[in-house]
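Residue numbers (our numbering): 35 to 856.
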C-alpha cells in the first residue's frame, strides 16, 4: 500500500503558470431560470409496489424509488454466456463496482434450439440467476426479445423459426411461438418480480426495432407487451431501445439509449472522425450510429417523445466487441470520459453494454452472428470478451477502476443530480469535430449545480484549456476557481457548486464528490477524487463552524478557500456545536481508482487496494493476477486484525500501521510457478485473399475451408495448474488474423488479432470437471493486403512478407484469491 501521496509545490506552481500562459476562458452558464416541474401520467407502468410497500415510479425527467429521485447504474451480464458456478461471485464483483441493476438478454436460441425443447438448466438457469441478483441486493432487468441482436446468430431467434415463418411482426404463427417463449420466461421469473418482493423491475421488448410495414411498428411492440402481461410478467418498467428511428407505442414503453466510442460494425479501415459520444447533447438523446440491423426511415418515436420520458441509458459501451472487418482497441479513458458527457447531457440511468464478458455456448452449430448466416457483422464463434470491465473469466480490467468512482458518485448523490436540469453554456462546440471549443455542461436545480467538463476525444489530441466558470443560479452567480485552472488534454471531471456537506455549503470544488460515509460517533466523511494534473480548490461557506486543516487557506468574501494536497489523510474537518464532525477526504486520481466501498463487519467501509476487490456476506475478497502479495487498507479501522484464507489454507495478515486515515494490512500467499509451452505442429500455407461482400459490402470472415492454411501449435500446460490457485489464465500472444484454441476437436475459444491481450481461464477450459488434455492453437495468417481495421499500434510490419502467422509467446498466469473475515 503506497504511503500518503503528495503533490510537490513545484507541480502546483507549474500548473498555475501554464494556466496563465494559456488564453484564459470564462465559461458562462445561465442556470437561473426555474425548471419546469416533472410531469407524471404519460407512462403506463406495471405493478410498481412490493408487498412491503416499496414503490418504483417514473416521470418525464427521472425514475423514483419510494417517491424520491432514483438514479441506478445498470450493467449487462449474460447468464447463458457464463458458467453458472461463477454467477454469485461475478454478480458480487459487479455490485462492488457500483452496479445496482443487472440487465441480461434471454437469448432464445440458447433455450429452444428445437421446436418445443426448452432448456433452463445449468448455465441457462434464468430463475437461479435472478434469484442470485435478489440475494445480493441487486435489481434486474430482463431483456426478453424475441430478437435481441447480441451479436448472436439470427439475433437469437432459433433457426427453425427463421426458416419457417415471418419474424419480427404480428404474423400469427410467429406470435404463437413468441407467446410460448414468453410463458416459459414468465414461469422462470414467477415469484421474482418486483410485485412479489423480487429483484425483477423491468422488461425490455425486442431490440433496435424500427420496422414499419404491415403488422410491424408500434403495433408489434404493443402486441409483445400484451403477450408479456399474459405470461405473468407484470413489472414496473417496460423499455425499448430508442435509437436508429425506433418505433413503439408512446406511453406504453420507455425508450432507452446508448452510445459507443467507436463503431466495430462500420466499414472503414481507418480511424473514424471524432465521435459525438464525447460531445454534450442539449437537444437530442440519440448518439450516432449504434449498429441497428434494419434501416430507419426518418425520426422515430423517441424523438417525438423527448419531453414525455426520462433520459435513460441501456447501451453505453463499457467496452467494444471485435468484429472481423474492424477491431478497435479502447483505453480506460476512452470509456470513462463518456460518463461526464452522458450525465451532463441529462442521462438519469447509466446503463452499460457489456459490463461482464462471456463466451457463446455451442449447440448444433456455433451461435455467433456471421455473414454466412445473413448477419451484418462477423464475430468470433465463441469469445464475447467485449473488452468489458469484467472479463469472461471474472478478471478485472483497468477500465473498471476508472468507472468505479463515477458509479459511487451516482450512488451517493444521484438523488441530487436526477432532478437537475441540463443547462447549455453561452459558447458550445459547433459539432463533434470541433476540438478547440471547451466541452462543458451544467445541471442545476435551484441554487445547486454540477459542472461537467470533458477534454478527451478518442484518438484525437485536445488542446489544454485554461478555464473559469460563471454559473448563474437563482441565488446569484458563482465564479470559480479563483484563478483559471488548466484542464489538460485527456482530462474530464464533475465538479459541484453549492454542494451541501451536512449543513455546510461547499460553494465550489475542483474535485469530484465520490461518496458519503456515515462513521457513527466519529462523524460523516465525504470522499472526493482529484483529477490528475488539476489543483484542488475547496470553497466553504462555514459561518458558525470551525475548520480544522493543515492545508493552506484564505478568505474570499464569506468563503474559506482551502488549497488541498490530495492524499489518504483528511483534508479538513468541519465542526459545529451540537453536530457530528464532517470530514473531507480528497484522494488523488490514482488512489480513487483503487477505492472500493462495501460492508465489512456490519459497517460500510472504504477499501484501498491494487487488487480486485468485492464483498460477500460481510467478508472482503481480493483477487490478484500473477502477484501473490496482497495489500489493502480499510477506513474506518476494524476493531481487531481480521482473519484471512487463501490458496491452500489460512493466511496471516500483517498490520502495516496507518496510511493516513486508513488501516493497512498485507500478506503473501504461497507463490505458484506455472508453465505453458507452444510446440509447432504445422506451418502456415498461403492464405486466400480476404473477400468482400455480405450485407455490409465489406471484408467478410474467411470461409471454413480457409482454415486448411492455418499454422498450428500444440499447447502444453502443467496438469495440476489449478491445485493451489483460484484460477490460471492461459495468455496467448499471437500475430495473425484469427486464433482458435481447441481441446481435442472441441473449439474452446477464439480471437481476432488486434493487439489486445487474449486470456483463457483454465477453469473455463475444463469440461465436466475434467482438465483439458489435448490443447492446440490454430492461427489463420493475416495477409498484408487484408482490408480490415487493426489499430496502427498493433498492425505488424510485414516487410517483404505477404502474410504473418506466428505465436509470440504463451504463458500460464496464476490467479490468487484471499478472503478476509473480520
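Think of the CB as a built atom: it goes at the ideal place given N, C-alpha and C, for glycine as much as any other residue.
It should be emphasised that the depicted structure is a prediction, and the values quoted were computed from it without experimental measurement.
Asked, Found
"Inter-residue CB distance, residue 849 and residue 763 (contact presumed, cutoff 8 Å)", "6 Å"
"Cut-off 6 Å between Cβ atoms - residues of its own chain near residue 86, not counting five sequence neighbours on either side", "none"
"Simplified DSSP state of residue 176, which is helix, strand or coil", "strand"
"Beta-bridge partners of residue 104, as assigned by DSSP", "97"
"Through-space distance from residue 674 to residue 694, alpha-carbon basis", "18 Å"
"Entirely enclosed alpha helix (DSSP H) segments - the segment 328-371, minimum 4 residues", "335-338 and 366-370"
"Straight-line Cα distance separating residue 627 from residue 860", "Residue 860 lies beyond the stretch modelled for the chain, which goes from 35 to 856, so this question has no answer here."
"Residue 549 in three-state terms, based on DSSP", "strand"
"Proximal residues to residue 173 (C-beta, below 6 Å), its chain only, five neighbours per side dropped", "135, 233 and 235"
"Option in 347, 375 and 729 with minimal Cα separation from residue 309", "375"
"Length of the line joining the Cα atoms of residue 648 and residue 428", "12 Å"
"Endpoints, the alpha helix (DSSP H) within which residue 388 is located", "Premise fails: residue 388 is in no alpha helix (DSSP H) and is neither H nor E."
"Other residues of its chain near residue 726: CB distance less than 8 Å, five sequence neighbours each side excluded", "732, 733, 734 and 821"
"Cα-Cα separation, residue 38 to residue 623", "Summary for residue 38: the model assigns pLDDT 32, below 50, so the residue's position carries little reliability; its value from the coordinates is reported in the next sentence. Approximately 13 Å, taken between the alpha carbons."
"For residue 617, three-class secondary structure by DSSP", "strand"
"Sequence-distant residues of its chain with Cβ nearer than 7 Å to residue 535 (five each side left out)", "560, 608 and 616"
"First and last residue of the uninterrupted alpha helix (DSSP H) at residue 626", "623-626"
"Local conformation of residue 645 per DSSP, three classes", "coil"
"Nearest-angstrom Cα separation, counted from residue 141 out to residue 806", "28 Å"
"Contact set for residue 440: own chain, Cβ-Cβ below 6 Å, skip 5 residues either direction", "373"
"Whole-angstrom C-beta distance between residue 680 and residue 852, which should lie under 8 Å", "4 Å"
"Sequence-distant residues of the same chain with beta carbon closer than 6 Å to residue 41, five excluded per side", "Summary for residue 41: the model assigns pLDDT 35, below 50, so the residue's position carries little reliability, and this model does not support an answer."
"Three-way DSSP call (helix, strand, coil) for residue 564 in this model", "coil"
"Among 509, 528 and 684, the one whose alpha carbon lies nearest that of residue 489", "528"
"With 16 other Cβ atoms within 10 Å as the buried cut-off, status of residue 356", "buried"
"Straight-line gap, residue 685 to residue 258 (C-alpha atoms, nearest Å)", "54 Å"
"Within 8 Å, strictly: CB atoms of residue 84 and residue 92", "no"
"Three or more C-beta pairs below 8 Å linking the segment 260-270 and the segment 782-802", "no"
"Residue(s) in a DSSP beta bridge with residue 709", "None; residue 709 has no bridge partner."
"Supposed close pair residue 240, residue 179 - CB separation, criterion 8 Å", "7 Å"
"Nearest-angstrom Cα separation, counted from residue 768 out to residue 36", "Residue placement at residue 36 is poorly supported in this model, since its pLDDT is 35, which falls under 50; the coordinates still yield a value, given next. The alpha-carbon atoms of residue 36 and residue 768 are separated by roughly 35 Å."
"For residue 213, three-class secondary structure by DSSP", "helix"
"Beta-ladder partner(s) of residue 191, from DSSP", "Answer by DSSP bridge pairing: none, since residue 191 is not bridged."
"7 Å Cβ shell around residue 827 - same chain, five flanking residues per side excluded", "789"
"Beta strand (DSSP E) runs contained entirely in the segment 680-749, provided each spans 3 or more residues", "683-685, 688-693, 696-702 and 710-716"
"Three-state class that DSSP yields for residue 653 in the structure shown", "strand"
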